[in-house]
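First comes the structure, then the notes that go with it.
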Ligand code: SF4
Ligand code: SF4
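Residue numbers (this note's numbering): 1 to 216.
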């Protein structure tokens, strides 16, 4: 390196230092140039597409388990039971945000779009258990027991209806005709007068004879 190169390096060092100091001076004196925030009183607003903590709107979740299957780090756990109407009922839905890497795959595959990223990113804790987000507030065992009871009741009702149907006469058969005086007689029996039985009745009373005496 000749003298010319040596002088060029000195000049370049002075120029870049001056440039850097000019920027430093501007940020130091200009109140519009904000460098730090008074966190936690002040916070940056995350961008629109920021992938923060996950949220599941369990009213829309169909328990399809797509998110569970696609998660690369297995941080979603889900329990569901089949209800009386054959639909799946969500018993528990947990996400371990301490393990989640916020890749967004679960959000992408969720068919009803019930799973979304929020703008949340602050969750300082000293207990790992607090990093597991529970989205179903009710106890899973209570939900399972309640659904099992509903399923049993629905099955019993269906069985009772089936038995009643089997006992009823098939459609199109004539209505049974009951003898007159039978409380179970149908409408026809009510309309028609009771027919006189043929022959002499065994214990019919004789009409009173003249003189007011009865037949022996
Ligand atoms: S964002 Fe990625 S790592 Fe986190 S729960 Fe969803 S799929 Fe799993
Ligand atoms: S993919 Fe969506 S609908 Fe399916 S279980 Fe996950 S959160 Fe629920």
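Using N, Cα and C, we set each Cβ at its ideal position, and we do this for glycine too.
A straight-line Cα-Cα distance of about 37 Å links residue 57 and residue 161. The straight-line gap separating the alpha-carbon atoms of residue 155 and residue 89 is approximately 17 Å.
Judged by DSSP in its simplified three-state form, residue 26 adopts helix. For residue 66, the shortest C-beta to heavy atom distance toward ligand 1 is 8 Å or greater. The bridge partners DSSP lists for residue 54 are 117. Looking at the backbone, the Cα of residue 32 and that of residue 24 are separated by about 14 Å.
Excluding its 5 nearest sequence neighbours in each direction, residue 44 has C-beta neighbours in its own chain below 8 Å: 37, listed in chain order.
Look at residue 63 here: in three-state DSSP terms it is coil, with no helix or strand label. In this structure, the CA atom of residue 47 is about 28 Å from the CA atom of residue 69.
Residue nearest to residue 72 within the set 19, 50, 16 and 96 is 96 (criterion: CA-CA distance). When the beta-carbon positions are compared, residue 76 and residue 98 stay at least 9 Å from each other. The beta carbon of residue 94 is closer than 6 Å to those of 77, 132 and 134 in its chain, skipping five residues each way along the sequence. Nearest Cα to residue 102 within the set 14, 119 and 111: 119. Remark: the C-beta of residue 72 is outside contact range of ligand 2, defined as less than 8 Å to any heavy atom.
Comparing alpha carbon positions, the residue from 109, 121, 92 and 100 closest to residue 142 is 92. In the three-state scheme derived from DSSP, where H, G and I count as helix and E and B as strand, residue 35 is classed as coil. In this structure, the beta-carbon distance from residue 129 to residue 117 does not fall below 9 Å. If you check the CB distance, residue 42 and residue 84 do not come in under 9 Å. Put simply, the backbone Cα of residue 111 is about 42 Å away from that of residue 164. Separation of the CB atoms of residue 52 and residue 6 is rounded to 53 Å, and the pair is thereby denied contact status at 8 Å. Of 49, 50 and 82, the smallest CA-CA separation from residue 62 is found for 82.
For residue 95, the pairing in a beta bridge is given by DSSP as 76 and 133. Residue 108 and residue 28 have their C-alpha atoms spaced approximately 44 Å apart.
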